[in-house]
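A.B. asks: Chains A and B supply the protein sequences, listed in that same order.
Going by my numbering, the first residue of the first sequence is number 1, and it counts up by one from there.
Going by my numbering, the first residue of the second sequence is number 281, and it counts up by one from there.
Backbone N, C-alpha and C define an ideal beta-carbon position, used for all residues, glycine too.
Only a predicted model underlies this, so the values are computations on that prediction, with no experimental measurement involved.
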Amino acid sequence: MKRKQRINNTICYIVLILMSIIWLFPFVGLVLQSFRGESGGMVAYLVPHEWSLKNYQFLFGNSSKFLTWYGNTLTIAIFVSLLQTLVVICVSYALSRMRFRGRKALMNIWLVLGMFPGFLTMICLYFLLKTLGLTEAGAVPGLILISVASSGMGYYVCKGYFDTVPKALDEAAILDGATRAQILVKMIIPMSKPIIIYTALVAFMAPWCDYIFASYVAFGYEKGYNVAVAMTRWVWTNDYQGFFTRFCAGGILVAIPVTILFMCLQKYYVEGVTGGAVKG
Amino acid sequence: MDGIKRGNAVTRFFRWLGADLREIGRTFAEGDWRTKLSFLIMGFGQLCRGQIARGVSMLALEGGLLYFIFGFGWQYLTKLVTLGTIETRQDGRVTIYGHNSFFILLYGILGIVAILALIYLWRVNLKQNREAEGLLAQGKRLPSNKADLASLLDKNFDKTLLALPVLGIFIFTVVPIIFMICIAFTNYDVTHQPPSKLFSWVGLDNFRELFGIGGGSEGFGGTFFYVLGWTLVWAFFATFLTYFLGMAVAILINKKGIRFKKLWRTILVMTIAVPQFVSLLYVGKMFAADGLVNAYLLKWGWIKQTIPFWTNATYARILIIVINLWIGIPYTMLIVTGLLMNIPAELYESARIDGANAFQTFRKITLPYMLFVTGPFLLTQFIGNLNNFNVIFLLNQGKPQSMNLSNNAGATDLLVTWLYKMTINDSNYKIAAVIGIMVFLVTAIISLVVYNTMPSVKDEEGFQ
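1. List the residues of chain A whose Cβ lies closer than 8 angstroms to the Cβ of B:S727, in chain order.
2. Check the Cβ-Cβ distances between A:P194 and every residue of chain B, and say whether any is below 8 angstroms.
3. Would you say the segment 94 to 107 of chain A touches the segment 681 to 693 of chain B, given that touching needs at least three Cβ pairs under 8 angstroms?
4. Quick check: what's the CA-CA separation for A:T287 versus B:L429?
5. Quick one: which chain B residues come within Cβ less than 9 angstroms of A:N108?
6. Kindly indicate which three-state DSSP category B:G283 falls into: helix, strand or coil?
7. Using the C-alpha atoms, what's the distance from B:P588 back to B:A568?
8. Taking any Cβ of chain B, which residues in the segment 9 to 23 of chain A have a Cβ under 8 angstroms from it, in chain order?
9. Any residues in the segment 27 to 47 of chain A with a beta carbon nearer than 9 angstroms to a beta carbon of chain B? Which ones, in chain order?
10. Would you identify the three-state DSSP class for B:T466, choosing helix, strand or coil?
11. Does B:S559 have its Cβ less than 8 angstroms from a Cβ in chain A?
12. How is A:I174 classed by DSSP in three states: helix, strand or coil?
13. Using a threshold of 8 angstroms, state whether the C-beta atoms of A:M228 and A:W208 are closer than that.
14. Please determine if the segment 180 to 199 of chain A and the segment 154 to 168 of chain A are in contact, where contact requires at least 3 C-beta pairs separated by less than 8 angstroms.
15. Taking beta-carbon pairs under 8 angstroms, can you tell me which members of the segment 538 to 555 of chain B lie near chain A?
16. List the whole-angstrom C-beta distance separating B:F500 from B:N687, where the pair is believed to meet the contact cut-off of C-beta under 8 angstroms.
17. Just to confirm, are B:G388 and B:Y356 a CB contact at a threshold of 8 angstroms?
18. When you compare each of A:M205, A:V31, A:M153 and A:I256 to A:I109 by their alpha carbons, which one comes out closest?
19. With contact counted as at least three CB pairs below 8 angstroms, one residue from each stretch, are the segment 118 to 130 of chain A and the segment 216 to 228 of chain A in contact?
20. Taking A:G275 as the reference, give the member of B:T612, B:L521, B:F452 and B:G298 with the closest Cα.
21. Would you please verify whether the beta carbon of A:L134 is less than 8 angstroms from any beta carbon of chain B?
22. Taking three-plus beta-carbon pairs below 8 angstroms as touching, is the segment 552 to 559 of chain B in contact with the segment 245 to 262 of chain A?
23. For the segment 560 to 575 of chain B, list every residue whose C-beta sits within 7 angstroms of some C-beta in chain A, in sequence order.
24. Per DSSP, which residues does B:T440 bridge with? Please list them.
25. Is it buried or exposed for B:V729, if we count other Cβ within 10 angstroms and need 16 for buried?
26. According to DSSP, simplified to helix, strand and coil, what is B:T375?
27. Please check if any C-beta of chain A sits within less than 8 angstroms of the C-beta of B:T723.
28. Determine, using beta carbons only, whether B:L363 and B:T453 come nearer to each other than 8 angstroms.
29. Rounded to the nearest angstrom, how far is the Cβ of A:M42 from that of B:D485, given a contact under 8 angstroms?
30. Below 8 angstroms between beta carbons: does that hold for A:S20 and B:W544?
31. Can you tell me whether DSSP reads B:Q370 as helix, strand or coil?
32. Should the segment 685 to 704 of chain B be regarded as contacting the segment 658 to 676 of chain B, the criterion being three or more beta carbon pairs within less than 8 angstroms?
33. Cutting at 6 angstroms between CB atoms, please list the residues of its own chain near A:C264, excluding the five before and the five after it.
34. Relative to chain B, which residues along the segment 197 to 213 of chain A have a C-beta separation below 8 angstroms, given in chain order?
35. Taking C-beta pairs closer than 7 angstroms, name the residues in chain A that B:M460 reaches, listed in chain order.
36. For B:G311, tell me which candidate among B:E413, B:W481 and B:G298 has the shortest Cα-Cα distance.
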């Protein structure tokens, strides 16, 4: 019995180690390529022949707008994260705690709206933003506006969490003379820290990947790009051979802070996705 | 059964409308001069009766909406039927701009929305007047301004909380969707592009083209069903393979006697943390003809020629599903790990005593529980995969393209990536809009059917 179990465990470890290698391989490759001195695109070897920092120097040098793009993305991420969390909390509280006419209808309408593919509305959104002067040079506030404006529909996870807070607590507070606003600020928000952190974290991570709409709104105006748009162009343009290692270096610079943040808040993320999956 | 219900809804609506109109009439007939004047000047009655906060906001809203409708929207509203008649033309070297169909449609829709909003507010205004009169007639006092404002933080807190989010969704989600649905009934494409050209209403022509009725189709309907087929196949495999393999990995890590559980999980979770545009672009390049994978396979002598991962339709499809596992397994693993702890240990204990082996316990205990609990999650995953733009687009942009498919569709294109290409590369907005409506229909039908057959919906008590 003992021996059988040991063999069993050994197989498990082998599987896990193999998986770890597969899962980490692209990241290791990315790091190694970012330090590669010789130019060219994808090369047929993993470890660079010549180590160098010139890719990073290029990114921080004057000839690239990488820092502008990075700043744009960071600004978008921070604002979207704060505002979106605020909106989601407001909507979740109203839908979870208050009973008003049209509540069910509102939830159903939002559910149906969510089934339309988002890209289709892109052309229309673009011209709405253009009317407001928020494209090209104004791409950053424009993107923030769009992300925040429709974020109310993503209330599911947060509302599910609010629902688990016993209603008796609210009633007791109302008897003590608290208003609904005070209940939200003083009671529900402190009790829902995990889910609020989860909402903010997810909202913060999304803009780093936003390619489709960001490329559309900036529309060739280089200073309005975010990192995803700018660096995807590096890979796809025909001179990607020269830019490939720079893409790797930039990718590392983008990935490191986001990954560290994610790892620190992983606990809350797990709680959020698990809760969200169960409650739908 | 359904017909009766719907009939009821219609009659109920008209009955409600009739009652409401009668109520408006009564408000006018029985109201005093303040109320009567409020029919024209919204908020007048409230102002006269000292409800300054209500009166001022009503008046301001009326002014703003009327200004928007007549100052801005009117010129577009009147042309909505034709979508513009004067073409842009060249007069010598000078371009004389005519009507712009795009803005006529967009601002026309906004104008209609503003009119509806005005009607609604007008009705609310009348209700407030009637209510105030009733209170005064009973000799009661009206709620003061302070009480009105304070109720926005208490009894009417929902209105405060929802006002901005609902407005935002309305302008930036609902209006664009209405616009998109309208586009499906026009001929807005590369030959009818504002501002140089006009487009106009064409009825159901685009839908006819999609289903190949009435000639003029260059295999368009065929391409649509080809892409739809792959979209469904992809969503099926992407959802269920990641689900079951992710569950297997979670159970593997959770197994008694396995150490460094946290380390294994952290390694896998890396793919969630690193932004997809970095990891997927790199992985996509790894499998390119000159990529690492081909290079090493050649070097080790396992293959003689490079494998055309991205240019062979079948290889590309399989590879995309496999790479999606790399993205998706950690996600399922996280969720399942959290849920595994909820399964009562006694169930496993008694199964072990009864002599069940590992596979049997999985099939009889773990799997049913998981399917039951994560039913809604599977559905959202499936819907998400139907519209999974990032994975397809960042890996190979839906290639390889084929001559047999119309509108530049590729073998790995999902409906959404195809739609994206149509708008960005070909400016074929009318067809893109039709495809968008089809995507909506597919999503809605699948959601409805699955949702109604899901055990966790049908039988909520099942596992409690």
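C.D. replies: Quick answer:
1. Position 447 of the second sequence holds residue 727 of chain B. The contacting residues are M115.
2. In the first sequence, the residue the question calls residue 194 of chain A occupies position 194. No, A:P194 lies away from the interface with chain B (no Cβ there is under 8 angstroms from its Cβ).
3. Contact check between the segment 94 to 107 of chain A and the segment 681 to 693 of chain B: fewer than three CB pairs, one atom from each, fall below 8 angstroms, which does not count as touching.
4. Nothing about residue 287 of chain A can be read from this structure; chain A reaches only from 1 to 280.
5. As a first step, residue 108 of chain A is located in the first sequence; it is residue number 108 there, counting from the start. None at all; the shortest Cβ gap to chain B is about 12 angstroms.
6. Taking the first residue of the second sequence as position 1, residue 283 of chain B is located at position 3. Its pLDDT being 49, under 50, B:G283 is placed unreliably by the model, and the measurement read from it follows with that caveat. If DSSP states are grouped into helix, strand and coil, B:G283 belongs with the helices.
7. As a first step, residue 568 of chain B must be located in the second sequence, where it is residue number 288. As a first step, residue 588 of chain B must be located in the second sequence, where it is residue number 308. Straight-line Cα distance between these residues: approximately 8 angstroms.
8. N9, C12, Y13, V15, L16, M19, S20, I22 and W23
9. F27, G29, L30, Q33, G41, M42, V43, A44, Y45 and L46
10. Against the second sequence, residue 466 of chain B aligns to sequence position 186. Here B:T466 sits in strand by DSSP.
11. Residue numbering aside, residue 559 of chain B sits at position 279 when the second sequence is read from its first letter. For B:S559, the answer is yes, since a Cβ of chain A falls inside 8 angstroms of its Cβ.
12. As a position in the first sequence, residue 174 of chain A is number 174, starting the count at 1. Here A:I174 sits in helix by DSSP.
13. One-based indexing of the first sequence puts residue 228 of chain A at position 228. One-based indexing of the first sequence puts residue 208 of chain A at position 208. Note on residue identity: the sequence assigns Ala, not Met, to residue 228 of chain A. Yes; because the gap between Cβ atoms is below 8 angstroms, this pair is in contact.
14. yes
15. I538, W544, T546, I547, L548, V549, M550, T551, I552, A553, V554 and P555
16. Locating residue 500 of chain B in the second sequence gives position 220, where the first residue counts as 1. Locating residue 687 of chain B in the second sequence gives position 407, where the first residue counts as 1. B:F500 to B:N687, Cβ: 7 angstroms. Contact.
17. Here residue 388 of chain B refers to the residue found at position 108 of the second sequence. Here residue 356 of chain B refers to the residue found at position 76 of the second sequence. The answer is yes: Cβ separation under 8 angstroms.
18. As a working note, residue 109 of chain A is residue 109 in the first sequence. Cα-wise, what sits closest to A:I109 is A:M153.
19. yes
20. Counting from 1 along the first sequence, the entry for residue 275 of chain A is found at position 275. Taking each of B:T612, B:L521, B:F452 and B:G298 in turn and checking the Cα distance to A:G275, the smallest one comes out for B:T612.
21. In the first sequence, residue 134 of chain A corresponds to position 134, counting from 1. Output row for A:L134: interface = no.
22. yes
23. L561, Y562, V563, K565, M566, A568, D570, G571, L572 and A575
24. Along the second sequence, one-based indexing puts residue 440 of chain B at 160. Note: B:T440 sits in no beta bridge, so no partner.
25. Within the second sequence, residue 729 of chain B is the residue found at index 449, counting from 1. In the assembly as shown, B:V729 is an exposed residue. Its beta-carbon has fewer than 16 other beta-carbons within 10 Å.
26. Here residue 375 of chain B refers to the residue found at position 95 of the second sequence. B:T375: strand per DSSP, three-state reduction.
27. Position 443 of the second sequence, counted from the first residue, corresponds to residue 723 of chain B. Closer than 8 angstroms to some Cβ of chain A, the Cβ of B:T723 qualifies, so yes.
28. The residue labelled residue 363 of chain B in the question sits at position 83 within the second sequence. The residue labelled residue 453 of chain B in the question sits at position 173 within the second sequence. No, Cβ-Cβ distance for B:L363 and B:T453 is not below 8 angstroms.
29. Your numbering for residue 42 of chain A matches position 42 in the first sequence. Your numbering for residue 485 of chain B matches position 205 in the second sequence. So it is not a contact: roughly 46 angstroms between Cβ atoms.
30. Residue 20 of chain A sits at position 20 when you count from the first residue of the first sequence. Residue 544 of chain B sits at position 264 when you count from the first residue of the second sequence. Yes, the pair counts as a contact, with Cβ atoms nearer than the cut-off.
31. Position 90 of the second sequence holds residue 370 of chain B. In this structure, B:Q370 counts as strand in the three-state DSSP scheme.
32. yes
33. Taking the first residue of the first sequence as 1, we reach residue 264 of chain A at position 264. Correct list: empty, nothing qualifies.
34. Hits within the stretch, in order: M205, W208, C209, Y211 and I212.
35. Sequence index remark: in the second sequence, residue 460 of chain B carries index 180 (1-based). Simply L120, T121 and C124.
36. As a first step, residue 311 of chain B must be located in the second sequence, where it is residue number 31. Per the Cα distances, B:E413.
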